[in-house]
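Here the sequence shown stands for residues 1 to 398, numbered as in the working numbering.
Accompanying notes for the structure given below.
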Amino acid sequence: MIILTSCAHCAAPLEIMGKKCGRCFTRYCGADCQKAHWKAEHKQMCGQIRLGGGAEKYNADRKYAEAVETAFWACKEETKGQTCYICMEEFKSVTNEGLVTNFCACRGGSSYAHVSCVATQARVVVDDETSNESAESRWNRWNACRLCGQRYHGRMQWALGWACWQTYTCRDAVEYNWQRLCAMGVLGRGLKGVRRMKEALVVQEAEIATHKLLHPNSDGHRLGLMHNVAGTYMNLGLRDKALELHRHICGPNGLAAAFGATHEHTLRSKLSLSSALIECAQHEKPQLFREARSLTEEYIPVVDRVLGPDHECSLQLRENRVEAIMNDTSSTPGDRAEAKAVCEDATRRARRVFGASHPVTVRLAQQSKDVAKFLTALEQRRSLAAKLEPEENAEEVD
């Protein structure tokens, strides 16, 4: 399984199977590019790449080191004097690694950790076949904190994505196929988490191609992978293409047919569709605000019942509902008052569940301020108009 899907010499796109260096497995579009690359630079690097485990492993190691270093420097000041809640050290000399913080909903001492410590815990749990946990539950350690249960985000998610791919890319046995495929998903989400959308799309498309090769009849799961791609399309500005794909995924033959109408995958696809509608509405299609409003009104009660009102999906649906109401030209003063109440409630919930620095909380808090500011300005304009109206009437009488 590969995520290096372009020729090392000319960067042309490659198929899953193709020409590669016999020593280090660096891939090429043909013999001519392989010969040219060998003469230009590969001759000096081939041995180093081979000793590093081959092209995929060598690339993963370099990318992981970059992600860990970036994550550390981004929060260096916040982590001074703190220790990792796993190994209880501030600086991990074995890996030459500092601490990272603000990566889940944990607070206090539990919010500081080394990326390698978190990755090691995840790897050990996944490999523990004697555990009573299901394979899916154990694998989720790569995605979510074992203490607070919330998903990793930001630079920790990015670094763990590379740690995950680094761990499983070198396991070639057939029984590890599912782990390598899942690792692609973890990496794709990690890259999206730090807005590296072009890199994320490459990984996601490789994941879909690999899934089709290994599981040609598993259309339902492949729809879930396409859902991730649709989100990346939107972030890359391919709005119409993204919305079309989101509509297909949420359609009668989409995730609801594959997993059920109330499965988490299905409900998350409805959230993504509402986000796509709002994004397109903000770019010359304002009529879509009303559709987004209707969709969120329908699914907020369903998500509350299935996942709970404090779930990230539920809070984000509320965020989208407020956005749709405030931008819909048919909204009444009562609708806007409802939006303000919904936003304030969602902000309080997010702050309590995720903490003040979580991306969901930050967005909701900003939205709450924007809504309050808009309504205050609207009320001031109305008051001014009411004061001017008697004066205008008096002038007409005179």
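Where is the CB? At the ideal position from N, CA and C, for every residue including glycine.
Pull up the DSSP beta-bridge partners for residue i, would you.
i	result
Tyr112	Thr101
Ala144	Arg151
Lys92	Glu97
Tyr28	Lys19
Pro13	Ser6
Report the rounded CA-to-CA distance for residue i versus residue j, giving the unit in angstroms.
i	j	result
Gly108	Cys7	47 Å
Phe289	Lys57	45 Å
Ala356	Ile2	38 Å
Gln366	Val360	10 Å
Leu245	Val174	32 Å
Val397	Ala276	With a pLDDT of only 48 at Val397, under 50, the local geometry of the prediction cannot be trusted, and no value is derived from it.
Lys63	Pro252	40 Å
Arg382	Asp240	38 Å
Trp139	Arg247	29 Å
Ala40	Asn327	56 Å
Glu90	Ala11	41 Å
Lys369	Arg141	35 Å
Ala337	His227	33 Å
Gly30	Val229	29 Å
Leu213	Met184	14 Å
Trp165	Gly149	22 Å
Thr95	Ala135	29 Å
Glu133	Arg123	14 Å
Val362	Thr79	21 Å
Asp32	Thr70	37 Å
Ala385	Glu379	10 Å
Whose CA, out of the options, lies closest to the CA of residue i?
i	options	result
Asn177	Glu78, Arg189, Glu207	Glu207
Pro301	Thr347, Gln287, Leu317, Ala292	Leu317
Asp310	Glu291, Thr83, Thr347	Thr347
Leu267	Glu279, Leu277, Ile249, Ala281	Ile249
Ala350	Lys373, Glu291, Glu312	Glu312
His221	Ala258, Thr83, Thr376	Ala258
Trp162	Arg189, Glu291, Lys285	Arg189
Glu264	Glu90, Val306, Asn235, Gly154	Val306
Ser330	Leu364, Thr376, Cys182, Gln287	Gln287
Lys92	Phe72, Glu77, Asn102, Phe103	Phe72
Asn320	Cys164, Ala135, Glu291	Glu291
Cys170	Leu160, Met156, Pro216, Asp61	Asp61
Cys182	Gly224, Tyr85, Ala341	Gly224
Glu77	Asn96, Glu66, Asn102, Tyr85	Asn102
His283	Thr262, Met234, Lys80	Met234
Leu364	Lys387, Glu323, Gly334	Glu323
Cys84	Cys343, Gly98, Val94, Ala31	Gly98
Val353	Gly308, Ala119, Phe374	Gly308
Glu298	Thr332, Thr262, Lys285	Thr262
Gln82	Cys164, Ala386, Tyr112	Tyr112
Ala119	Glu133, Ala377, Val100, Ser131	Val100
Thr376	Pro333, Asp345, Lys387, Val362	Pro333
Ala243	Pro216, Ala209, Glu279	Looking at the sequence itself, residue 243 is Leu, so the reference to Ala does not match. Considering only alpha carbons, the answer is Glu279.
Leu14	His215, Leu378, Gly260, Ala209	Ala209
Cys145	Thr130, Thr79, Cys104	Cys104
Ala36	His9, Gln48, His358	His9
Counting only the same chain and skipping the five closest in sequence on each side, list residues whose C-beta sits under 7 Å from that of residue i.
i	result
Thr232	Lys192, Met197, Ala200, Leu201, Gln204
Asn143	Arg151, Tyr152, Val186
Asp304	Ser314
Glu50	The displayed chain sequence assigns Arg, not Glu, to residue 50. Correct list, in chain order: Arg23, Cys24.
Leu4	Arg27, Ala55, Glu56, Asn59
Cys87	His114, Cys117
Ala403	This structure does not reach residue 403, given that the chain is present from 1 up to 398, and the question cannot be answered.
Val68	Glu97, Val115, Ala159
Val371	Val322, Met326, Ala339, Lys340, Cys343
Gly52	Tyr58, Asp61
Lys270	Cys250, Leu295, Tyr299
Please check the pair residue i and residue j, which I expect to be a contact at CB under 8 Å, by giving their CB distance rounded to whole angstroms.
i	j	result
Gln34	Cys46	That belief does not hold up - the Cβ atoms of Gln34 and Cys46 are roughly 11 Å apart, past 8 Å.
Glu180	Tyr168	Checking the sequence, you will find Arg at residue 180 rather than Glu. With a Cβ gap of about 5 Å, Arg180 and Tyr168 count as contacting.
Leu295	Ser274	5 Å
Val194	Gly254	So it is not a contact: roughly 29 Å between Cβ atoms.
For residue i, which residues in the same chain have their Cβ closer than 6 Å to its Cβ, ignoring the five residues on either side in sequence?
i	result
Ala256	Thr266
Leu147	Cys106, Ser110
Ala281	Leu288, Phe289
Val125	Arg138, Arg141
Gln157	Gly190, Gly193
Trp38	none
Asp335	Ile325
By Cβ distance below 8 Å, which residues in the same chain neighbour residue i in space, the five residues on each side in sequence not counted?
i	result
Ser218	His211
Lys373	none
Asp127	none
Leu236	Met197, Lys198, Leu201
Taking CB distances under 8 Å as the criterion, tell me whether residue i reaches chain C.
i	result
Asp61	No chain C is present in this structure, which holds just one protein chain.
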